[in-house]
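Below is one structure, written out as structure tokens, with a few remarks after it.
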Amino acid sequence: MKTHYQAYLFDLDGTLVDTAPDLGEALNVSLRETGVPGVTADQARQWIGRGARYSLIQALEYFELVLEQTAVDALLEKFLNYYAEHIADLSTPYDGVVYTLGALHDAGTKLAVVTNKPTRFTMPLLSALALDAYFSSVVCGDTAAQPKPAADPILLCLSELTVPADQALMVGDSSVDVEAAKAAGVDVACFSGGYNHGIDVYSLKPNLVFDDMREILSASPV
Numbered sequence: 006m007k008t009h010y011q012a013y014l015f016d017l018d019g020t021l022v023d024t025a026p027d028l029g030e031a032l033n034v035s036l037r038e039t040g041v042p043g044v045t046a047d048q049a050r051q052w053i054g055r056g057a058r059y060s061l062i063q064a065l066e067y068f069e070l071v072l073e074q075t076a077v078d079a080l081l082e083k084f085l086n087y088y089a090e091h092i093a094d095l096s097t098p099y100d101g102v103v104y105t106l107g108a109l110h111d112a113g114t115k116l117a118v119v120t121n122k123p124t125r126f127t128m129p130l131l132s133a134l135a136l137d138a139y140f141s142s143v144v145c146g147d148t149a150a151q152p153k154p155a156a157d158p159i160l161l162c163l164s165e166l167t168v169p170a171d172q173a174l175m176v177g178d179s180s181v182d183v184e185a186a187k188a189a190g191v192d193v194a195c196f197s198g199g200y201n202h203g204i205d206v207y208s209l210k211p212n213l214v215f216d217d218m219r220e221i222l223s224a225s226p227v
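Shown next as structure tokens:
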């Protein structure tokens with residue numbers, strides 16, 4: 006693993022930003038339609054990273070609610086509409102994120118976001134948190150032919166940045182990021198405190214596991 010790369014590609018939810026409070030509240034707004042009390046932000050963190058429908062279905066299963074597909078679709082629409090209007094009420098960048106992005110950007114390094122979050126939510130979130138100016142490329146869940154864990158989003162991003170795979174580092178928090186990075190042939194660093202669905206990130210065998218984003222500035226392999 007290198008100590009510096011031409012490009013750094015960042016996952017968004019659970020890597021750059023703790024979005025669980027806002028996603029959890031949006032989920033709860035829809036769940037209250039069914040009469041259940043809702044979930045905590047910590048519970049929401051366990052279900053984030055595989056799409057809004059997945060999060061909703063996990064919550065419904067948690068409360069042992071079985072609904073018709075049309076009812077699930079209606080709850081999902083309410084969830085998404087509320088989230089769009091409250092994209093960054095409570096969401097905040099993790100410790101060290103702004104410092105790290107600033108240091109890399111000032112050094113002339115190419116930075117990008119590669120997320121499975123749809124464009125509808127990604128761009129407003131980055132703007133609301135004043136993170137958008139750092140990135141030369143933003144590849145969302147609806148941008149490439151297939152989302153992560155396929156290699157497509159990373160390969161598309163590298164093409165836009167004109168950076169070879171061996172000069173890029175994917176920075177994520179879950180198996181989805183690690184699998185996508187390995188499929189694309191890029192090194193990968195994994196945040197220990199992100200949305201990893203209860204999986205020990207060391208078991209995923211990334212090139213680096215970090216507790217604070219600033220650690221990638223002087224990275225050493227695990």
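Every letter in the sequence shown is one number past the one before it in my numbering, and letter 76, counting from 1, is 81.
Ideal Cβ placement from N, Cα and C applies to all residues, glycine included.
query                                                                                                                     : result
Sufficient close CB pairs (3 or more, under 8 angstroms) joining the stretch 34-45 to the stretch 74-84                   : yes
Enclosing alpha helix (DSSP H) for SER164 [first to last residue]                                                         : 157-166
C-beta contact flag for ALA194 and LEU166 at 8 angstroms                                                                  : no
Between the CA atoms of ALA108 and SER223 - distance to the nearest angstrom                                              : 12 angstroms
Spatial neighbours of ILE159 in its chain, beta-carbon cut-off 7 angstroms, leaving aside the 5 residues before and after : LEU14, VAL119, MET175, ALA185, ALA186, ALA189, VAL191
Reference LEU163; option with closest CA among GLN151, VAL143, PRO154                                                     : VAL143
With 16 other Cβ atoms within 10 Å as the buried cut-off, status of ILE221                                                : buried
Contact check, ASP16 vs ASP171, beta carbons under 8 angstroms                                                            : no
Pairwise C-alpha distance: LEU72 and PHE140                                                                               : 41 angstroms
For ALA93, three-class secondary structure by DSSP                                                                        : coil
Inter-stretch contact (C-beta, 8 angstroms, three-pair minimum) for the stretch 50-57 and the stretch 92-109              : no
Reduced DSSP category for PHE215 - H, G, I as helix; E, B as strand; rest coil                                            : strand
C-alpha gap between LEU131 and ASP137, whole angstroms                                                                    : 5 angstroms
Straight-line Cα distance separating TYR88 from LEU70                                                                     : 22 angstroms
ALA64 versus GLY113: straight-line alpha-carbon distance, rounded                                                         : 43 angstroms
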